[in-house]
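Remarks on the structure that follows.
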Amino acid sequence: MQNPANEKSFASLAAQTIAVNLNGEILKDPLRPAVPVFDRSYLYGDSLYEVVRTYKYRFLYMEDHLMRLAKSAELCRMPLSQSLSKYRDECEKTLAAFQALPGMAKVEAYCRIVVSRGTGKIGFGTENVVTPTTFAIIVQPLNPPTAEQWEQGYRYKIVDRIRNDKRAQDPAAKTGNYMNSLLAYLEGAAEGFHDSLLLDSQGFLTEGTTFN
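Residue numbers for the sequence shown follow the working numbering, beginning at 1 and rising by one.
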């Protein structure tokens with residue numbers, strides 16, 4: 001059941017601590033409805049993403065992340081309508097908007113870049129896509145482990161759900177279809193673990209749900 005108090009609290013927190021860039025526009029309201037229902041990311045998870053953080057309030061390894069984004073696009077047969085330098089510049093612009101928020105100038109940041117194949121008619125064929133690739137960038141405070149978490153450590157479960165096989169959906173492509181890892185996380189969480197570890201189809205350990 002929806003909790004109006006929690007929704008209001010999150011809306012207030014988002015307005016104070018999160019900067020959102022939609023196709024080059026910094027949104028005044030980060031929770032403003034923005035993605036069309038016919039966007040491929042919404043219909044099919046047909047999107048790519050990368051996450052980069054700051055160290056000493058500046059992005060580190062941004063170029064490496066952008067090159068990996070380009071590799072994901074290649075693996076997913078998604079021609080990018082924007083250049084990698086465009087994504088870099090928009091990330092910097094969004095970081096500046098985040099740091100301009102009260103109290104955020106000296107806060108380490110988490111930046112998520114999401115690129116959708118675009119919007120169009122329902123149907124898998126690319127002839128149904130009527131827009132260029134679209135992008136969104138979210139910058140919010142980094143949420144690193146606390147001192148207590150470092151001291152106590154984390155409990156992980158090796159779950160029954162296996163990591164996507166390369167022949168089905170190549171894990172090397174960072175896509176918006178994250179159900180495999182999400183369900184693995186929920187499987188471990190249901191038994192009280194902090195997170196989960198996944199094996200491949202041959203029984204070899206591969207990675208965690210959000211970390212390699």
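All C-beta atoms, glycine included, are put in the ideal place defined by N, C-alpha and C.
Alpha carbon of residue i to alpha carbon of residue j, nearest angstrom
i                : j              : result
histidine 65     : lysine 56      : 18 Å
histidine 194    : glutamate 207  : 15 Å
proline 33       : asparagine 21  : 13 Å
tyrosine 143     : methionine 179 : First, the amino acid is wrong: residue 143 is asparagine here, not tyrosine. Spanning the two alpha carbons is a distance of roughly 22 Å.
valine 159       : alanine 100    : 42 Å
glutamine 16     : proline 102    : 7 Å
cysteine 182     : alanine 189    : The identity of residue 182 in the sequence shown is leucine, whereas the question assumes cysteine. Between leucine 182 and alanine 189, the C-alpha separation is close to 10 Å.
tryptophan 150   : leucine 186    : 22 Å
alanine 70       : glycine 24     : 19 Å
methionine 78    : lysine 166     : 18 Å
alanine 147      : glycine 153    : 10 Å
tyrosine 44      : asparagine 177 : 8 Å
phenylalanine 10 : aspartate 29   : 12 Å
alanine 184      : arginine 163   : 9 Å
tyrosine 42      : valine 35      : 8 Å
serine 201       : arginine 161   : 10 Å
Cβ-Cβ separation, residue j to residue i (assumed contact under 8 Å), whole Å
i             : j           : result
valine 130    : tyrosine 49 : Rounded, the Cβ-Cβ distance is 22 Å, inconsistent with contact.
valine 107    : proline 141 : 5 Å
alanine 14    : leucine 31  : 5 Å
arginine 58   : glycine 118 : That belief does not hold up - the Cβ atoms of arginine 58 and glycine 118 are roughly 31 Å apart, past 8 Å.
threonine 175 : serine 47   : 6 Å
Residue(s) in a DSSP beta bridge with residue i
i                 : result
cysteine 111      : Val52 and Val139
tyrosine 156      : Asp195
glutamate 207     : Leu198
valine 228        : This structure does not reach residue 228, given that the chain is present from 1 up to 212, and the question cannot be answered.
isoleucine 26     : Asn21
phenylalanine 213 : Nothing about residue 213 can be read from this structure; the chain reaches only from 1 to 212.
serine 47         : Ser116
valine 129        : Gly120
Same chain, Cβ closer than 7 Å to residue i, neighbours up to 5 away in sequence not counted
i           : result
leucine 205 : Leu197 and Leu199
Where residue i sits in the DSSP three-state scheme
i                 : result
phenylalanine 124 : coil
glycine 118       : coil
phenylalanine 38  : coil
threonine 175     : strand
serine 72         : helix
aspartate 170     : coil
serine 9          : helix
methionine 67     : helix
threonine 94      : helix
lysine 86         : helix
serine 181        : helix
leucine 31        : coil
glycine 188       : helix
Own chain, CB closer than 6 Å to residue i, minus 5 neighbours either side, in chain order
i              : result
isoleucine 138 : Val20 and Arg112
alanine 136    : Leu22 and Val114
alanine 173    : Ser72, Leu75 and Cys76
leucine 80     : Ala73 and Thr133
valine 51      : Arg112
cysteine 91    : Cys111 and Ile137
Proximal residues to residue i (C-beta, below 8 Å), its chain only, five neighbours per side dropped
i            : result
lysine 121   : Phe38, Asn128 and Val130
tyrosine 156 : Gly188, Phe193, His194, Asp195, Ser196, Leu197 and Gly208
arginine 53  : Phe59, Leu60, Glu108, Ala109, Tyr110, Cys111 and Leu142
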